[in-house]
DNA sequence: ATTGACAACGAAAACGTTTGCGTGTTAACA
DNA sequence: TGTTAACACGCAAACGTTTTCGTTGTCAAT
């Protein structure tokens, strides 16, 4: 077992100083041709690679970005990660992942853990519990310590930072309008509780589309489901809830669901109740995941382009990190940077399959 | 913006030495009660947290483990990651993720990148290209540098390290036997090319089950598909291939597919060709993902327990890391460690749904 | 008064880099 | 021959810790 070779060892072996080795390897012209060759050859032979940790300590930057998400076994989030990873790698960064598991405390712990030097910046999506408690001090503190944050999808106005979001509202409006334009008049909404910002926006979109089409929204056509029902343990409960909902609203001719699970479940229930899709009932979901593609009939859905979100977020973060490098010491002009926090909106796309006419 | 406070700053501010601060914060009894209190209070007030990078450099260990997988937008892999993350966190480790995207060179690059000090050990699943080329030198080299590796799922005999695998063979045997016991006699196998070890094992399991039941395998009942068909762009091609297969084998009464995509596609095709499931044709897949749960009918499937795999892998790795800590300098006894590489087998489980009788 | 013990603290090395500055050698020039 | 400039290289600081080994100062015992 041969441990990794260090500058010091090379120096000792070749009887030169550490500085000489360092310079020779970075092709400094301060070093004589001969010694440089010798050192480079030796280093190559022993496969010398500088130690990242030492570099991080010296440069006070780690070239790694921290991702903090509520859940990883989730098509949307993993897609975003992929996007982040692509541009991170491309631009010479690594990614380190923390999972909040939708819990406030785990979010805080993870964040503090990583903020102590391990990462240069965060890309994150806020946990539900945090949204519920509306406690954002940990975000503000890390930003205050000079660690930039980019939020995506589940963002919040209270924290000033770069953000990447999806046009949930417009996407929902378009989806519902699509239903309306194909003849639906009693469109049901299956949504979550309000505290998740995106759920709220999608609900708004639903209402707005109805309004713009002079259709009166009915409370009875809106089903707000508890999140716990989305867990795989409770699929049957979810199905029962939706079935009950359908039974008490037998005029439903269209369904807009804020996620694909609700949508496919609605389709299941509809067919069970002998409705034909899309003839009797049309269905549109949100998030273009695996389920949408493979459901039968294929689910028309609002695609969020998770990968693009991730890519944009990574660019935003790295841009800011490298900008800080340059303007480094001009502390007085910090406000220049602070002013231009961007919020990038990634457009959704209505992917039409066979659950709509 | 107040940057993170360091020992040095505290020392300066309180007019003591750095060592005193360090000791006071670690509650060393070498420090007088009074100064200790003072320092601790000051540190708490300024929210002092030791810098991880500096600690890593000093301790020559990073307390982070590197995960290297082919793809992250993939139910199985993300489940494994979750498992890893759970125990990693629990045992005080972070995880950093690299994606090979099934490419050999990206696997090598990523590995070298992380091996230069960023991580203490790897948990990985080999990329297809690497399996195809059978070039494992990068694994061997990192192990040789003293960085332990734990492989999962896609493992390989050529590399000596801890491994966590699934009983692909037994799982497949049981699945096929289930089909046989419920009356199937012409069981088709839908599989991938041989070079992916798990595909190979599952194929073996299929053959073994037939043999043990005195059923003669027919080449015409085996469909080997190119991997590229699993990409979402080529779903239609996949479907056509399988349809063609069904048409030229009209006696098929059972299907065993080595992944859930093939399985659900087979179900789709079967229904399109007016077969009833499970009456006319029974179907079993591998990997209990989202598709299996939500397919109609529900797909009977061999569950791999990805989370358990991840948990086991993490335990294996961390155990080894911390063992190395203790036995640290007894280099002569290194062989003791080397001898006991474990291969943990996680049992699969046949989850019966409605695609079988 | 001398010794010893003990308490309370500081200096410095070490982890592996990079880099500003100093220094010795050589050769060219006046 | 003396001055100087270019060249080739070494020293040491710095990044933020922990820890070993001193170094003081105090006090009790001899």
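Chains as they are written, first to last, in the numbering used here: chain E, 909 to 1265; chain B, 909 to 1265. Even for Gly, the Cβ is constructed at its ideal location relative to N, Cα and C.
Put simply, the stretch 1028-1043 of chain B touches the stretch 1003-1020 of chain B. At least three CB pairs are less than 8 Å apart. Taking C-beta atoms as the reference points, residue 988/B and residue 1214/B count as a pair closer than 8 Å.
Where residue 1211/E is concerned, the enclosing beta strand (DSSP E) starts and stops at 1208-1211. Judged by DSSP in its simplified three-state form, residue 1070/B adopts strand. Relative to residue 1212/E, the option among 1259/E, 980/E, 1233/E whose CA is nearest is 1259/E. Interface annotation, residue 919/E: not in contact with chain B, CB-CB separation never under 8 Å. Under the Cβ distance rule, residue 1079/E does not count among the residues neighbouring chain B, no pair being separated by less than 8 Å. Residue state for residue 1107/B is assigned as helix, using DSSP reduced to three classes.
Spanning the alpha carbons of residue 1037/B and residue 1021/B requires a straight line of approximately 19 Å. One alpha carbon belongs to residue 1155/E, the other to residue 974/B, and they sit about 51 Å apart. The beta carbon of residue 1220/E sits closer than 7 Å to the beta carbons of 1072, 1252, 1254 from its chain, once the five residues preceding and following it are set aside; these are given in chain order. In the structure shown, the three-state DSSP call for residue 1171/B is helix. Short of 7 Å from the beta carbon of residue 1229/B, and not among the five residues preceding or following it, lie these beta carbons of its own chain, in chain order: 1028, 1029, 1056. Between residue 1193/B and chain E, the shortest Cβ-Cβ separation is not below 8 Å. Shown here, residue 977/B sits in a strand according to DSSP, grouped into three states. Secondary structure of residue 1165/E (DSSP, three-state): strand.
Within the stretch 996-1065 of chain E, the complete beta strand (DSSP E) segments of 3 residues or longer fall at 1002-1007, 1029-1032, 1057-1060, listed in chain order. Between residue 1044/E and residue 1067/E, the C-beta spacing is below 8 Å. By the neighbour-count criterion, in which 16 or more other beta carbons inside 10 Å mark a residue as buried, residue 1079/E falls on the buried side. Collapsing the DSSP output to three states places residue 1191/B in a strand. As for any alpha helix (DSSP H) of minimum length 4 sitting wholly inside the stretch 910-975 of chain E, the runs are 915-922, 926-933, 941-953, 960-967, ordered along the chain.
Annotation: residue 1019/B has no Cβ neighbours in chain E at a cutoff of 7 Å; minimum Cβ distance is about 12 Å. 1163/B is the residue among 1167/B, 1163/B, 1193/B, 1194/B whose C-alpha sits nearest the C-alpha of residue 1184/B. Taking the C-beta atoms as reference points, residue 1217/B is found nearer than 8 Å to residue 1074/B. Listed along chain E, the residues sitting closer than 8 Å to residue 1053/B by beta-carbon distance are 909, 910, 911, 912. The beta carbon of residue 957/E sits closer than 8 Å to some beta carbon of chain B.
Across the set 1069/B, 1099/B, 1257/B, the C-alpha of 1099/B shows the shortest separation from the C-alpha of residue 1169/B. 982, 983, 986, 987, 989, 990, 993: these are the residues of the stretch 982-993 of chain B whose beta carbon lies less than 8 Å from some beta carbon of chain E, given in chain order. Within a 10 Å sphere around the beta-carbon of residue 1175/E sit 16 or more other beta-carbons, which makes this residue buried. With a threshold of 8 Å between beta carbons, residue 1011/E makes no contact with chain B.
Residue state for residue 1257/B is assigned as strand, using DSSP reduced to three classes.
Here the stretch 1091-1098 of chain B makes contact with the stretch 1111-1125 of chain B; the two share three or more CB pairs at distances below 8 Å. The alpha-carbon separation between residue 1210/B and residue 1083/B amounts to approximately 7 Å. In this structure, residue 992/B places its C-beta atom within 8 Å of the C-beta atom of residue 1003/B.
DSSP lists 1072/E as the beta-bridge partner residues of residue 1252/E. For residue 1098/B, the enclosing beta strand (DSSP E) stretches over residues 1095-1100.
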